[in-house]
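Trainee: Numbering follows our numbering, in which position 287 of the sequence shown is assigned residue number 287; successive positions increment by one, without gaps. Dropping a structure here in structure tokens format, bear with me for questions.
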Amino acid sequence: MQVFAPPAPVFARCLRSSAPRWHASAHPLVFAQRPECVGQRRRLQTTATPSRIPDFAFAFDIDGVLLRSADPIPGASKALTYLQSQHIPFILLTNGGGKSESERVAELSEKLSLPLSTSNFMQSHTPFAGMEQYKDKTVLVCGGDGAKCRDVAEQYGYKTVVTPGDIYAAYPEIWPFSKNFLDYYRSFARPLPRPIDAANPNASLKIDAVFVYNDPRDWGLDAAIILDVLLSQQGVMGTVSPKNGDRSLPNRGYLQDGQPPLYYSNPDLWWAAKYHLSRLGQGGFREALEGIWAAVTGGERQGVELKKAVFGKPFRPTYEYAENLLNRYRGEMFAGAKLEPLKRVYMVGDNPESDIRGANMYDSPLGTDWKSVLVQTGVYQKGSEPAWKPRTIVKDVYEAVRYAVEDSKWERS
Numbered sequence: 001m002q003v004f005a006p007p008a009p010v011f012a013r014c015l016r017s018s019a020p021r022w023h024a025s026a027h028p029l030v031f032a033q034r035p036e037c038v039g040q041r042r043r044l045q046t047t048a049t050p051s052r053i054p055d056f057a058f059a060f061d062i063d064g065v066l067l068r069s070a071d072p073i074p075g076a077s078k079a080l081t082y083l084q085s086q087h088i089p090f091i092l093l094t095n096g097g098g099k100s101e102s103e104r105v106a107e108l109s110e111k112l113s114l115p116l117s118t119s120n121f122m123q124s125h126t127p128f129a130g131m132e133q134y135k136d137k138t139v140l141v142c143g144g145d146g147a148k149c150r151d152v153a154e155q156y157g158y159k160t161v162v163t164p165g166d167i168y169a170a171y172p173e174i175w176p177f178s179k180n181f182l183d184y185y186r187s188f189a190r191p192l193p194r195p196i197d198a199a200n201p202n203a204s205l206k207i208d209a210v211f212v213y214n215d216p217r218d219w220g221l222d223a224a225i226i227l228d229v230l231l232s233q234q235g236v237m238g239t240v241s242p243k244n245g246d247r248s249l250p251n252r253g254y255l256q257d258g259q260p261p262l263y264y265s266n267p268d269l270w271w272a273a274k275y276h277l278s279r280l281g282q283g284g285f286r287e288a289l290e291g292i293w294a295a296v297t298g299g300e301r302q303g304v305e306l307k308k309a310v311f312g313k314p315f316r317p318t319y320e321y322a323e324n325l326l327n328r329y330r331g332e333m334f335a336g337a338k339l340e341p342l343k344r345v346y347m348v349g350d351n352p353e354s355d356i357r358g359a360n361m362y363d364s365p366l367g368t369d370w371k372s373v374l375v376q377t378g379v380y381q382k383g384s385e386p387a388w389k390p391r392t393i394v395k396d397v398y399e400a401v402r403y404a405v406e407d408s409k410w411e412r413s
């Protein structure tokens, strides 16, 4: 099953143009060594005024790096506070989502007890804000808690957003196995813009694009509805394309009848939750849906492909977007100063398949070296062999910052 990363122009259209400048007094870095720790671990300290602008920066994953589920990871707040005090730029680059950028940043700021901004923050579905071609269409938005992902899509400018919960509340028979959750869905469902009427397709609900914004909570319901749309005639709910299974057509006729495109916001199979073992994420749902698709259509063994676009780390457009966001943010921080290009960006993550793989594979058009740093506080288990080898493995995010500051040879007095 081939995964298509979205084109870079999609990302370019939704870059924000402003970033707040930091006004905290600046201090250059020195390493103070306690006598008992000489030759061992050093700790970060500050002193007088900086003599130059840093030529390095950071990109931090959130889940498993700064937070474990909703709980701050020890040292996370201290690490970011240190970078802010030093005017060392960083962005927060997460495959998470399901909430608006402003809501997620406010929550993160409260949890870590430090000021943060949406100007240097990117979620997996942030690029959906730039997909203007669907904003006047009817889109199906899946995933997340309640109607939160609908709210996010509407904040992005989408005018007609339908959720699986809306469909289920109107037609509970579409998925009989969620009947115990009917009251839950009705608590946030909206009336459908059109009914599902297979006898009158011109007046029936038509889906123009399918977006998975976040990990679906009801895999069975969401998978059933997405499958209905993918097998439909031109995205009209309740219909089945007569082209399906036609061997004379490309892809055996599947997805050859004007069905809507399918977009996933991230590919993560695993994520670090409160439970001691990693839990399945959106990538798990994608694999489940594609397994069902293969069982229904014959899949690859019959030459049938499920076409989709997958956003998020480790794909190149995500890193291009992140690099542009970081450079814009850096420019705002040091407005008026002559800036040399960044020499390196330290990508600090817990997931070898997304954070480390993406940084290792990214060839910056600006010549910036993206160095991968793997922490042991999330998906990666200490002592195991990561599928993608990082530049270094450290205990946690604070140690990652300490390593990077040393590695960058940041000027110190």
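The C-beta atom is built at its ideal place from N, Cα and C for all residues, glycine as well. If you're wondering where the values come from, they're calculated on a predicted model, not measured in any experiment.
Whole-angstrom Cβ separation of ALA57 and LEU66, contact assumed at under 8 Å?
Mentor: Incorrect: roughly 16 Å between the Cβ atoms, too far for contact.
Trainee: Quick one: which unbroken beta strand (DSSP E) runs of 3-plus residues sit fully inside the stretch 314-390? Chain order, please.
Mentor: 344-349, 369-375
Trainee: Could you give the residue range of the alpha helix (DSSP H) that holds ALA79?
Mentor: 76-86
Trainee: From LYS159 to GLY98, what does the alpha carbon distance come to, in whole angstroms?
Mentor: 18 Å
Trainee: Note the first and the last residue of the continuous alpha helix (DSSP H) segment covering TYR184.
Mentor: It spans 182-186 - the alpha helix (DSSP H) in which TYR184 sits, taken as one unbroken run.
Trainee: Taking 8 Å as the threshold (C-beta atoms), are LYS179 and TYR398 in contact?
Mentor: It is not a contact, given that the beta carbons lie outside the stated cut-off.
Trainee: Rounded to the nearest angstrom, what separates PHE211 and ASP355 at their Cα positions?
Mentor: In this structure, the straight-line span from the alpha carbon of PHE211 to that of ASP355 is close to 23 Å.
Trainee: Can you name, in chain order, every residue of its own chain whose Cβ lies under 6 Å from the Cβ of PRO72, other than the five neighbours on each side?
Mentor: LYS111, LEU112
Trainee: From GLU340 to LEU269, what distance separates their C-alpha atoms?
Mentor: 38 Å
Trainee: Would you list, in sequence order, the uninterrupted beta strand (DSSP E) runs of no fewer than 3 residues that lie entirely inside the stretch 211-269?
Mentor: Secondary structure in the stretch 211-269: the beta strand (DSSP E) runs of 3 residues or longer, each lying completely within the stretch, are 262-264 in chain order.
Trainee: Where LEU114 and LEU325 are concerned, what is the direct C-alpha to C-alpha distance, given to the nearest angstrom?
Mentor: 21 Å
Trainee: Just reading off the beta strand (DSSP E) that LEU289 is part of, what are its end residues?
Mentor: Where LEU289 is concerned, there is no enclosing beta strand (DSSP E), although the alpha helix (DSSP H) around it starts and stops at 282-297.
Trainee: Could you check the C-alpha separation between GLY220 and SER85 for me, to the nearest Å?
Mentor: When rounded, the distance between both Cα atoms is 48 Å.
Trainee: Tell whether a beta-carbon distance below 8 Å holds between GLY143 and PRO216.
Mentor: Going by C-beta atoms, GLY143 is nearer than 8 Å to PRO216.
Trainee: Identify the continuous beta strand (DSSP E) that holds VAL162 and give its terminal residues.
Mentor: 160-162 is the extent of the beta strand (DSSP E) around VAL162.
Trainee: Spatial neighbours of PRO89 within its chain, please: CB distance less than 7 Å, with the 5 preceding and 5 following residues excluded, ordered by chain position.
Mentor: Close CB contacts of PRO89 within its chain, under the 7 Å cut and outside five residues either way in sequence, are with ALA57, LEU326, TYR329, ARG330, MET333 (chain order).
Trainee: List the DSSP bridge partners of PHE177.
Mentor: DSSP, once it has assigned bridges, lists no residue as partnering PHE177.
Trainee: Tell me the DSSP bridge mates of TRP271?
Mentor: ARG279
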